[in-house]
Amino acid sequence: MSIASTIAEIKQSLPENTKLVAVSKYHPAEMIAEAYEAGQRIFGESHVQELQQKHEILPQDIEWHFIGHLQTNKVKYIAPYVSLIHAVDSMRLMEEIEKQAAKCERTIKVLLQLHVAQEETKYGLTIEECEAMLKSGAWKALNHIEIAGIMCMASNVDDEVQIAREFATAHKFFLHAKETYFADQPNFCECSMGMSDDYHIAIHEGSTLVRVGSKIFGQRVYAN
Ligand SMILES: *Cc1c(COP(=O)(O)O)cnc(C)c1O
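Written out as C-alpha cells, the structure is:
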C-alpha cells in the first residue's frame, strides 16, 4: 500500500480528537515529503542529528515531535523549532528545556514519559515518581515549558489484555494528574500512546496521539 493510502486508512480509524504522529525516523526525507503531499503534517523523530537534517530541507510548516530519549546536551539544537517533546522523564531535562526555550523566547510543550510496561528500561517515570515530581511543584517555575500531558509505551508482547491494562494505567494517571495539578490548564490534554502494532488498543484506552512508523513507511533499515 502507498504511504498516502496507509495514512488515509489510519486517520479514518482514529477517534475525532486523536491525532496521527507519523514516525519517520531512519526513513529518508523523500518518504516524508510523500506523506506531506498526502496532507500529513505531524512527524516524529528520535535522533537529534537526523531531525536537524530533515528539518532543514523539508517544508517549514511541519510540526516536528521529538519522541525518543533526549540527552540534555542536545536540547539546544532542537529548541528553536520542535513542537512537542514526548519523552521527558526528569526535572534535570525539564530544566534544560526551560533554559533553551527561554533563549529562543518560546514555550516548548512536553509530555511526561511514564514507565508502565513490564519490561526493564531506564527511561520513564514510574507512576509514583511522576506523582512525586508533580507534587513538588518545582515545574511551576518553568515558564517556558508547558506540560501538555503524558506519554507511554506498552510492553512489546502479544497479550492484548496486558497491553490494554498498561495503557489504561497510564490514562488513569493522566486523568488524575489533570484533575489534581492541571485543573486550570486546558492544554494539559494529550495522552501519547500507541504504535504500529498497538495503536488500535491505545485509542480504546483514551490515546490522543498515536505514534505510527513502520505501518506507514515500512521496516526501518538501521545503517551503522
Ligand atoms: C520508533 C517509535 C515509534 C514507532 O514505532 P512503529 O512500531 O514503527 O510504529 C513510536 N514511539 C516511539 C517512542 C518510537 O521510538
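Those letters in the sequence shown? Residues -6 to 217, per our numbering, in order.
Using N, Cα and C, we set each Cβ at its ideal position, and we do this for glycine too.
All of these numbers come straight from a predicted model, not from anything done at the bench.
DSSP assignment within the segment -1 to 43 yields the following whole alpha helix (DSSP H) runs of 4 residues or more, N-terminal first: 22 to 30. In terms of side-chain proximity, the C-beta atom of Lys208 is found nearer than 7 Å to a non-hydrogen atom of ligand 1. Distance check between Met144 and each of Glu159, Leu107, Thr162 and Arg85 places Leu107 closest, using alpha-carbon atoms only. In the three-state reduction of the DSSP assignment, Glu113 falls in the coil class, being assigned neither a helical nor a strand state. For Ile60, the distance from the CB to the nearest heavy atom of ligand 1 is below 7 Å. With a contact defined as Cβ atoms closer than 8 Å, Thr100 and His137 qualify at about 5 Å.
The C-alpha of Asp152 is placed about 46 Å away from the C-alpha of Lys96. Sorting Ala22, Lys69 and Ile55 by C-alpha distance to the C-alpha of Gln46 places Ala22 at the top.
Less than 8 Å divides the Cβ of Ser189 from the Cβ of Gly206. For Val109, the shortest C-beta to heavy atom distance toward ligand 1 is 7 Å or greater. Within the segment 49 to 105, the beta strand (DSSP E) runs of at least 3 residues that lie entirely inside it are, in chain order, 56 to 59 and 77 to 81. Per DSSP, reduced to three states, the secondary structure at Cys182 is coil, with no helix or strand assignment.
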